[in-house]
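Single-structure report; data block below.
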Amino acid sequence: MTSDDLTRLTIKDASRLLRLGSISAGDLVTAHMDRIERLDPKVKAYLRFTPELWEKQAEEADRRIREGNAPPLAGIPVAIKDVLCVRGVETTAGSQILRGFKPPYTATAVQRLFDAGAVMVGVTNCDEFAMGSSTENSGYFPTHNPWDLDRVPGGSSGGSAAAVASGQAIFSLGTDTGGSIRQPAALCGVVGMKPTYGRVSRYGLIAFASSLDQIGPFARSVDDAAVVLSLMSGLDPLDATSSERPGMEVLNNHGGGVRGMRLGLPREYHEVEGIEPRVKAAIDAALLVLQREGAEIVDVSLPHTDYGLAAYYIIAPAECSSNLARFDGVRYGLSAKDAPNITDEYMETRRKGFGTEVRRRVMLGTYALSSGYYDAYYLKAQKVRTLIKRDFDEAFKKCDAIVSATSPTVAFPIGSKTQDPLSMYLCDVLTLGGNLAGLPGISVPCGTSDGLPVGLQVLAPQWGENVALRVARAYEEASEMKALVADVV
Amino acid sequence: MPLSRDEVRHVAMLARLGLEPGDEEFYAEQLSGILGHIDRLQQLDTADIPPTAQVVEIASRLRDDEPRPSLSQEEALANAPAAVDGFFRVPAIQEEA
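From first to last, the protein sequence lines stand for chains A and B. Counted the way my numbering counts, the first sequence spans residues 1232 to 1720. Counted the way my numbering counts, the second sequence spans residues 833 to 929.
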């Protein structure tokens, strides 16, 4: 096995080699740094690297492996999205307004991975404040899709998806507010999972839309994603919305296969406007595989699908306009501190620090919450959110899980949607319902079209991560459609 | 509902968001386009539908109001663009009497 081969491993295989003593955590991180040095100038998945962490963490992992008491992720290289605080490591949410910010604490989800022995390689690029579907809204530079460098990796967690897809990390963390884990996972050909709202603590996550945000993993296999998720999950006194449910329950019978399961195919998703025929064909082929494994495909309906995007683009911007009010140039980040008065200081700081998409959403959210419009927009959207949740409740009476494409399209060319915000927002039309209803969802690779990956999405009822994982794993095993590592040329 | 340039200026002021030359027209057009899509919500009769603010059923959890370790003043100020005597410094908000 060459050093470069070490960058194509799953967590499971790397852990086995580490425990056998065939490789060390130091070897593993060095192999990744070599590959990053060669490939990342093209892919641009990372914003910055964390040698001070990986040296210490790899050494510690090697020591514990030698002593025979290695924790589950000992020595495994991980990349962290730039919205998750890591103590002492510059964390900017992909925004110029936070340039130079070094958090005084570490996000709970990240801390739990560190406690499990993971080795942090670096911080990955994303759309500014996680607002976008292509990583083109990063305040630094766009990330490129490892399968075709002229195309986007998806977003907002595009750097995290591209890092795993190009052998620059064995797994990574992203966040999903409307599809920001599942959609880039689909476009980059890796596994990505968004848990049930409340499964993973949001403490230390720079908030975008607090009633929708969740942290989740990118990985090269369904098992890897399941293990990482189980380790991050569970009650955190520092997040009042975190659930008391034990994290290990996400693994309950997740390898049980789909025989006898009913999988719902929502016609509104399968026939959604703009879905590419090649994406639809890949999903149809995946459904045949699941049928062959003994699942029954049933028709279900999500009648309010056409209203989901509209409700989402009130609720998410409204919450973001409130959450982003804290970036005022007083306590951290960029500051127009020489302004003549405090109002000018705020306005100048935010003018200089926020990019176009963030400004658009802050204004949209402020408008929707402003006097005289609250009932017509925000309250209305929250009521429609109830209707969308009820659609899922009804559908889950007829099926155990819902299957569909993750994204209506494969990865699109860089620059092709930046002039028309609505066309970009439509990238999330099949994923944002899961956020509005708080459901767990996973995207698994289900083939390629002209070399570009397609993702199969599985949504389950709240707290049914194990059900979604079971379907995804059965598909992965039967189809042998493994996540691949791109060579990047 | 189309948004006027005046409304963009008003919303930007509410959000304390400084505008660049040309922003008023740019955002008036873009936000109007997005609001045009959002207007479809008005087609739905939601008179008897309760709003959803919190999507999972988690009971409010309160903790005992006890002091616990927190950031030191020094740590809290470490990222401050301007700090003086252990405080965040901002321009004066009142005229001297």
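Even glycine gets a Cβ: it sits at the ideal position worked out from N, Cα and C.
(message) So B:Arg895 contacts chain A; which residues on that side make the cut at Cβ distance below 9 Å?
(response) Pro1468, Ala1471
(request) Let me know the secondary structure DSSP gives A:Val1660 once reduced to three states. (result) coil
(message) Can you pull the chain B neighbours of A:Pro1652, defined as C-beta to C-beta under 7 Å?
(response) Gln862, Ile866
(request) Return the residue from the list A:Tyr1706, A:Val1317, A:Ile1633, A:Val1395 that minimises the CA-CA distance to A:Thr1337. (result) A:Val1317
(message) Please report the straight-line C-alpha distance between A:Gly1252 and A:Arg1295, rounded to a whole angstrom.
(response) 12 Å
(message) Buried or exposed, going by whether 16 or more other CB atoms sit within 10 Å of the CB of B:Phe919?
(response) exposed
(request) Give me the Cβ distance between A:Asn1219 and B:Pro923, rounded to the nearest whole Å; I'm assuming they're in contact under 8 Å. (result) Nothing can be reported for residue 1219 of chain A, as the shown portion of chain A is limited to 1232 through 1720.
(request) Could you check which residue in A:Val1421, A:Gly1306, A:Val1352, A:Cys1357 has the C-alpha nearest to that of A:Thr1323? (result) Distances from the CA of A:Thr1323 to each of A:Val1421, A:Gly1306, A:Val1352, A:Cys1357 were compared; the closest alpha carbon is that of A:Cys1357.
(message) Between which residues of its own chain and A:Ala1717 is the CB-CB distance below 7 Å, once the five residues before and five after are set aside?
(response) Pro1377, Trp1378, Ala1396, Ser1397
(request) Would you mind reading off the limits of the alpha helix (DSSP H) that contains A:Pro1272? (result) 1256-1274
(request) Work out the CA separation of B:Glu898 and A:Val1383 for me, nearest whole Å. (result) 49 Å
(request) Below 9 Å between beta carbons is the criterion; list the residues of the stretch 1575-1596 of chain A that meet it against any residue of chain B, in chain order. (result) Asp1575, Glu1576, Tyr1577, Met1578, Glu1579, Thr1580, Arg1581, Arg1582, Lys1583, Phe1585, Thr1587, Arg1590, Arg1591, Val1593, Met1594, Leu1595, Gly1596
(request) Please classify A:Tyr1605: is it buried, with 16 or more other beta-carbons within 10 angstroms of its beta-carbon, or exposed? (result) That one is exposed.
(message) Can you pull the chain B neighbours of A:Ser1532, defined as C-beta to C-beta under 7 Å?
(response) Per Cβ cutoff of 7 Å: no residues; A:Ser1532 is ~16 Å from chain B at best.
(message) Using DSSP's beta-bridge definition, name the partner residues of B:Pro923.
(response) Answer is none; B:Pro923 lacks a bridge partner.
(request) Establish whether the CB of B:Gly854 and some CB of chain A are separated by less than 8 Å. (result) no
(request) Keeping to the same chain, check which residues put their C-beta closer than 7 Å to that of A:Tyr1543; ignore five residues upstream and five downstream. (result) Here the set comprises Gly1409, Leu1663, Leu1667.
(message) Beta carbons nearer than 7 Å to chain B: which residues of the stretch 1449-1467 of chain A have them?
(response) none
(message) Can you tell me whether A:Gly1306 is helix, strand or coil according to DSSP?
(response) coil
(request) From the DSSP output, in three-state form, read off B:Ala910 for me. (result) coil
(message) Please list, in chain order, the chain A residues whose beta carbon lies closer than 8 Å to that of B:Arg802.
(response) Since the first residue shown for chain B is 833 and the last is 929, residue 802 of chain B is missing from the structure and cannot be characterised.
(request) Sort out for me which residues DSSP pairs A:Gln1688 with in a bridge. (result) A:Ser1635, A:Ser1674
(request) Use the C-beta contact count for A:Asn1484: other C-beta atoms within 10 angstroms, 16 or more gives buried, fewer gives exposed. (result) Around the beta-carbon of A:Asn1484, fewer than 16 other beta-carbon atoms lie within 10 Å, marking it exposed.
(message) Please list the terminal residues of the continuous alpha helix (DSSP H) segment that includes A:Ser1464.
(response) No alpha helix (DSSP H) holds A:Ser1464; DSSP gives it neither H nor E.
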